[in-house]
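Counting from 834, one number per residue, gives the positions in the sequence shown under the numbering used here.
Inspection log for the structure reproduced underneath, given as structure tokens.
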Amino acid sequence: MQIQTLSLVVGTAACDADCPFCVSKMTGFGELPDSPLLNQAHLRKAIALAKMGGCTTALITGKGEPTLYPSHIHDLLEADLASAFPFIELQTNGMILYKALYGKHPKLTKLHLLRWLEGGLNTIAISSAGYIDSELHTAKHEALVELNAKHYGRGKGYLPMTMLVDGLHHLGFTVRLCVMAQKGGIDTIQDVALQVTSAKRLGVDQLTIRPLTAPGTSNSVEASKYVQEHAPECFNNHAPQIPGQSVDDTSVISKWASLRGTLLRRLQGGGEVYDIGGQNLGVYNCLTVDKDADLRSLIFYANGRLTYSWQHPGAVLLAGYE
């Protein structure tokens, strides 16, 4: 079995954001354990299996917002993930990290983040509706700030992205901006071009753009409906052609990237990574659904449950304690 990523799920369903396209709501919360107590024995087995499958990346994530549970993140890093994986990443909306960086959080501080860095955490992956530099397109910049505030700030405002990225870089983290492409946000290929230029100006090391995606079977009618109604044009296989490109099954964004930059590599599971004028750009699907039957993303829950699918509860390798 070839393993691409070991996803380590921390916390509960609690989240400080309110995304109408929430993937966790669509895939369900049934596998979340009642107790946060870490099953060390099963974690060791999960790490061993991932290493046997050639896995190089451990992703700390959650069904909710992982940074609401800093002690859980600490416990995972204390399990010496760094000796098993060269790349350890944290998926977050960034709101709490921004407060921690600038002394605005009551519990989490910059010192905690430095300890995570020393424990092997190297990449912070920030979920966002997108960021367009105001000097490039004022109206789009303001629209994205409003959309991010609605989704990630619960309507109470949004963080200054430049300060978040600069603060993380100052500590020594690699920063990835993970853009969820959607109508009203990063929608058209023109938006994508602005996003790539803005990411380079912002100084993010890696940029990924994904379309809103719903699983085959969804646990949330509302979230699935939002996804269907806000599918971005830049991932539409039948969108208007780019001059010089023939009609095929490739999304418009991949066609654009292949014209404007250099394909660096194709990833397991179908992703593509490009260099666009010096800016790293990854084009992915939101849900990792492997076409290769022998390719798996392992998912570990704190109680020891180990699975290889976000969508199918039957894909279990190890049961967790009750």
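Note that the Cβ used here is the ideal one computed from N, Cα and C, for glycine as well.
These numbers were taken from a predicted model, which means no experiment stands behind them.
- DSSP places residue 1028 in the helix class (H, G or I) of the three-state scheme.
- In the DSSP assignment, the residues bridged to residue 1113 are 1108.
- Taking a contact as a CB-CB distance under 8 Å, the pair residue 903 and residue 924 does not count as one, their CB atoms being some 15 Å apart.
- In the structure shown, the three-state DSSP call for residue 948 is helix.
- Positions of the alpha helix (DSSP H) runs, each at least 4 residues long and wholly inside the region 991-1069, are given as 994-1004, 1022-1035, 1054-1062 in order along the chain.
- By the beta-carbon neighbour count (other beta carbons within 10 angstroms, threshold 16), residue 1054 is exposed.
- By the Cβ neighbour-count rule, residue 1135 is buried, with 16 or more other Cβ atoms within 10 Å of its own.
- With contacts defined by Cβ atoms closer than 9 Å, residue 1133 and residue 856 do not form a contacting pair.
- For residue 1129, the pairing in a beta bridge is given by DSSP as 836.
- In the three-state scheme derived from DSSP, where H, G and I count as helix and E and B as strand, residue 1134 is classed as strand.
- In this structure, the beta-carbon distance from residue 955 to residue 1021 does not fall below 9 Å.
- According to the DSSP assignment, residue 962 belongs to no alpha helix (DSSP H), since it is labelled neither H nor E.
- The beta carbon of residue 896 is closer than 6 Å to those of 846, 857, 862, 865 in its chain, skipping five residues each way along the sequence.
- Under the Cβ criterion (8 Å, minimum of three pairs), the region 934-945 does not count as touching the region 881-895.
- In the structure shown, residue 1101 adopts coil according to DSSP, grouped into three states.
- In terms of Cα proximity to residue 913, the closest of 838, 949, 985 is 949.
- For residue 860, no beta strand (DSSP E) segment is defined; the enclosing uninterrupted segment is the alpha helix (DSSP H) at 856-860.
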